[in-house]
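Protein chains in written order, with this note's numbering: chain A, 1 to 193; chain B, 1001 to 1428.
Reading through the structure tokens given below for one structure.
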Amino acid sequence: MAMDTPPRWDRRMQQRLARGEAAALGELYDRFAALVHNLAHRVLDDDDAADQITREVFGYIWENPDAYDPKQGNMRAWIARLTQSQAVHRLRQNEATAYAETGRGSVEELEQKVRRASVAARADYIVTSMPRPLRAALELAYFQRRDYRQTAVDLGVTEDEARRRLRLGLQLLSSANTRHPEGGGPPGYGRAR
Amino acid sequence: MTGANGDADGVARAPWIPGPRRAADDHADLENPAVGPEAQPEPGPEPEREPEHEPEPEPEVPVLTHGVLKSLLGAWALSACSAGETRAVEDHLTACAPCADEALRLRDAVALLHEDRDLDLDPLLRSRVLENCLGRRPARIPIPGWITPYDAETARLDALLRDIGESEWHAPVRLKWYEEDRIVRRKATVAGVIGHLLAVDGLVSAALGLDDPLGAGTPELSPSERTEAFWAGLDRPANRSLRDPWREQSHTLIRTVSFAGRGVADLTVTYKDFALPLRDSLLERAFECWVHADDIANAVAYPYAPPSGPHLHDMIDLAARLLPAALAGRRRTGLAAPARHLVTAGAPGRSLHLEVEGAGGGHWYIALDSPAAIGSPDRAVAQVAMDGVEFCQLVAGHISPEEAAAGQDGDREAIRDVLSAAASLSRL
């Protein structure tokens, strides 16, 4: 879908948002709402909370279109980062409230939960952003349980190529597990290729 | 670095790394239903235990080069290679540290794959999110209120299209409408219906001086002629590639209208046999978008709700405003009873009271004898009560006037004429 967003689209969208065009806001929503909602849901595992994050993320972008720097990557990756940090922030808040009320849980447990949620959200993002041929190969091999020879036939590529795509797809996905130093951009939210 | 050609330095001892799950063709599900794709066995050295292949004959283990073994790591992690290859890879992993390292990483990555939730966004979320944004920072270039039904309906259909699979684009859709007082049908596909919407929305584009999807210099054609011309002009059967041009055109229409001045609402859009001001034309396009989205949703067994109450109300209102002229047209061709009491233009005339129940409902008074007369409660000679969605189905030609289970009271002839005129508003 919006995998290969050309930078031109991103810059143009930014200009239109800055100009205060309501129609641009609608287009932005149509393109990214599913991404935002799914990532928020992956972290918070709650529909209402994901709705709320969606509202906050689009509200922030609409009020601060200049916060996006095209030099740092595409808009999709930026929005994914915003969403994840917002969702993780909410998760910490929720857990802290629960801890204050019940006294159950520990800092380590919270950190572990946050880490798991972040990895899962990054992995989702990587899967939806990876080049289509890699994603198609993974889907066949994993969800359809096709072996790599059948995958090659289904995709109309050589067996070598099918093996290459499966390996490369998993390599990309495995970067979701890489921990990153605080403050640095999380891996996985780079350009799609 | 993992992935480097590590033949020379790869002799460090590594533990046996069992495969992540049984190969796809080994009926693992039947033998051990509890182990789904997500449930990975714990990694860890289990050198003594034979892998679970025991009852099967020993696979023939092929002799493979390091390059091939390395290239198999992804397939291995996904259990997507043959039993022999699996064995060859696992033997290799005990001897090659870089490959063992990568194998573990890839296997952990497999655990991150899971089915798309396929959780549809609440269609009402869009308007809530946008309203919240506009409350925080008002738009300098707002979307005029009269195109919000078109904006909302195209967005809802687009969300539906986003969620359907490749093959569903070719699912058969039976289009039906009312013509010459009977229901006619036309076979299409999901993609064909999107082509239809693209071609007819193109009328509005052309009226605004935008690119016509049928190409520049297309003569004036009716909506169905445009559709047939568009379908005939495709060099392959319609497919999902029509989604983008359809969506782009609807976005461009909304954007163009937002930038145009207030007067644009009254711009005339001609449909060959009739014409509508732009504001009604885009309301009519919103209505068609919903009706066909509903056709598509039925074809792919997908739930699809009616438009929001205020938008439904606008659509019903448009149909009610078009009814007197439709009645007059039918009268000219002898399909409706002759006028009984002509009044001077602008004066209240004999009327039918249309009472629409449910979301978007209200009361309308349809002038019966002349489009120039004003509908009036005082001169109502009949009353029809219907549900809003049902009335829209009648206007869409999805149900016949006889099927419209209306609560009826008063002049039978007036009721029959109005319900038939409502159905006659439908077309492909």
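Note that the Cβ used here is the ideal one computed from N, Cα and C, for glycine as well.
Small disclaimer: the values here were computed from a predicted structure and weren't measured.
Beta carbon of residue i nearer than 8 Å to that of residue j
| i | j | result |
| --- | --- | --- |
| B/L1160 | B/A1301 | no |
| B/L1242 | B/R1226 | no |
| B/P1191 | B/H1170 | Looking at the sequence provided, one finds Ala at residue 1191 of chain B rather than Pro. Result yes, Cβ atoms of B/A1191 and B/H1170 sit closer than 8 Å. |
| A/A123 | A/R165 | no |
| B/S1400 | B/I1164 | no |
| A/I126 | A/L82 | no |
| B/V1384 | B/L1354 | yes |
| A/E63 | B/A1139 | no |
| A/A87 | A/I61 | no |
| B/A1382 | B/I1415 | yes |
| B/G1397 | B/Y1150 | no |
| A/R163 | B/G1074 | yes |
| B/V1269 | B/A1207 | yes |
| B/T1357 | B/G1388 | It is worth fixing the name first, because residue 1357 of chain B is Glu in this sequence and not Thr. Closer than 8 Å, so yes. |
| B/W1364 | B/A1336 | no |
| B/L1394 | B/A1326 | no |
| B/W1290 | B/E1402 | no |
| A/V107 | A/L91 | no |
| A/A23 | B/R1136 | no |
Partners in chain A for residue i, counting only beta-carbon separations shorter than 8 Å
| i | result |
| --- | --- |
| B/P1142 | A22 |
| B/A1406 | None at all; the shortest Cβ gap to chain A is about 37 Å. |
| B/I1254 | A23 and G26 |
| B/D1108 | S174 and N177 |
| B/R1136 | G59, W62 and E63 |
| B/R1236 | Correct list: empty, because the minimum Cβ distance to chain A is about 18 Å. |
| B/S1071 | D160, R163, R164 and R167 |
| B/R1262 | Under the 8 Å cutoff, chain A gives no residues; its nearest Cβ is about 16 Å from B/R1262. |
| B/A1139 | G20, E21, A22 and L25 |
Given residue i as reference, the closest of the options once Cα atoms are compared
| i | options | result |
| --- | --- | --- |
| B/A1421 | B/A1345, B/L1323, B/W1364 and B/A1337 | B/L1323 |
| A/F58 | B/V1173, B/N1132, B/A1275 and B/A1097 | B/N1132 |
| B/L1283 | B/G1410, B/V1381, B/I1183 and B/T1148 | B/T1148 |
| B/L1113 | A/L91, A/E109, A/A87 and A/G169 | A/G169 |
| A/E159 | A/A176, A/E95 and A/A141 | A/A141 |
| B/G1209 | B/D1181, B/V1257 and B/S1082 | B/V1257 |
| B/S1071 | B/A1103, B/T1094 and B/A1095 | B/A1103 |
| B/F1287 | B/Q1408, B/T1218 and B/F1391 | B/F1391 |
| B/I1194 | B/R1321, B/D1294 and B/Y1178 | B/D1294 |
| B/L1069 | A/A176, A/N177 and A/R167 | A/R167 |
| A/L134 | A/E95, A/V157 and A/R42 | A/V157 |
| A/T128 | A/L25, A/V43, A/V36 and A/A24 | A/V36 |
| B/D1409 | B/Q1393, B/M1386, B/E1403 and B/G1309 | B/M1386 |
| B/R1107 | B/S1079, B/E1413 and B/V1389 | B/S1079 |
| A/D48 | B/V1129, B/L1221 and B/E1403 | B/V1129 |
| A/R146 | B/I1141, B/W1076 and B/V1204 | B/W1076 |
| B/I1366 | B/P1307, B/L1419, B/R1186 and B/G1360 | B/L1419 |
Amino acids of chain A, ordered along the chain, whose beta-carbon sits closer than 7 Å to that of residue i
| i | result |
| --- | --- |
| B/L1130 | L25, G26 and Y29 |
| B/C1133 | L25, F58, G59 and W62 |
| B/G1217 | Going along chain A, no residue has its Cβ under 7 Å from B/G1217, so there is no contact; the nearest lies around 28 Å. |
| B/C1081 | D147 and Y148 |
| B/S1308 | Within chain A, no residue comes near B/S1308; the closest Cβ sits about 15 Å away, beyond 7 Å. |
Chain A residues whose Cβ lies nearer than 9 Å to that of residue i
| i | result |
| --- | --- |
| B/L1112 | V119, A120, R122, A123, D124, I126, V127, L173, S174, A176 and N177 |
| B/D1151 | A23 and G26 |
| B/Y1278 | The residue you asked about is not Tyr; residue 1278 of chain B is Leu in the sequence shown. Ordered by position in chain A, no residue passes the 9 Å Cβ test against B/L1278, which lies about 16 Å from the chain. |
| B/H1251 | A23, G26, E27 and D30 |
| B/A1155 | G26, Y29 and D30 |
| B/R1105 | L170, Q171, S174 and N177 |
| B/S1258 | E21, A22 and A23 |
beta-carbon residue i near the ligand FMN non-hydrogen atom, thresh 7 Å
| i | result |
| --- | --- |
| B/L1072 | The ligand FMN is not among the ligands present in this structure, which contains no ligands whatsoever. |
Chain-ordered neighbours of residue i on chain B, where CB pairs are closer than 9 Å
| i | result |
| --- | --- |
| A/A211 | Summary: the structure shown does not reach residue 211 of chain A, with chain A confined to residues 1 through 193, and so no result is reported for it. |
| A/R116 | Chain B residues near A/R116: none, gap ~11 Å exceeds 9 Å. |
| A/A141 | A1024, G1074, A1075, L1078, S1079 and A1080 |
Amino acids of chain B, ordered along the chain, whose beta-carbon sits closer than 7 Å to that of residue i
| i | result |
| --- | --- |
| A/R135 | Result: empty, since nearest Cβ-Cβ is about 10 Å, beyond 7 Å. |
| A/L82 | Residues of chain B passing the Cβ test: none, with the nearest at roughly 14 Å. |
| A/H37 | L1121 |
Beta-carbon neighbours of residue i, restricted to chain B and to distances below 8 Å
| i | result |
| --- | --- |
| A/G169 | G1074 |
| A/L138 | L1078 and L1113 |
Fill in: Runs of beta strand (DSSP E) lying entirely within the segment 1269-1311 of chain B, each at least 3 residues, in chain order
Complete beta strand (DSSP E) runs here, min 3: 1275-1277.
Worksheet item: Which whole runs of the beta strand (DSSP E) in the segment 1352-1380 of chain B are 3 residues long or more, in chain order?
Response: Counting only runs of at least 3 residues, the segment 1352-1380 of chain B fully encloses the following beta strand (DSSP E) elements, listed from N- to C-terminal order: 1362-1367.
Worksheet item: Is it true that the segment 90-110 of chain A meets the segment 149-160 of chain A, where meeting means three or more beta-carbon pairs spaced less than 8 Å apart?
Response: No, the segment 90-110 of chain A is not in contact with the segment 149-160 of chain A.
Discussion item. For a minimum of 4 consecutive residues, which ranges assigned as the alpha helix (DSSP H) are wholly contained in the segment 1089-1171 of chain B?
Written reply: Restricting attention to alpha helix (DSSP H) runs no shorter than 4 residues, the segment 1089-1171 of chain B encloses them at 1097-1110, 1123-1136 and 1148-1163, ordered along the chain.
Practice prompt. Enumerate, from N- to C-terminal direction, the unbroken alpha helix (DSSP H) stretches of 4 or more residues contained entirely within the segment 1165-1215 of chain B.
Written response: You should have 1190-1207.
Discussion item. Report the start-end ranges of each alpha helix (DSSP H) in the segment 5-86 of chain A that is 4 residues or longer and not cut off at the edges.
Written reply: As far as the segment 5-86 of chain A is concerned, its whole alpha helix (DSSP H) runs of at least 4 residues are 7-18, 22-44 and 47-63.
Worksheet item: For the 8 Å Cβ check, are there 3 or more pairs between the segment 29-40 of chain A and the segment 71-88 of chain A?
Response: With a cut-off of 8 Å, the segment 71-88 of chain A and the segment 29-40 of chain A count as touching, because enough Cβ pairs lie within range.
Item to complete: Decide if the segment 1174-1190 of chain B is in contact with the segment 1343-1356 of chain B; the criterion is three or more beta carbon pairs, one per stretch, under 8 Å apart.
Response: Result no; under three Cβ-Cβ pairs closer than 8 Å.
Worksheet item: Should the segment 1059-1066 of chain B be regarded as contacting the segment 1083-1095 of chain B, the criterion being three or more beta carbon pairs within less than 8 Å?
Response: With the cut-off at 8 Å, the segment 1059-1066 of chain B and the segment 1083-1095 of chain B touch.
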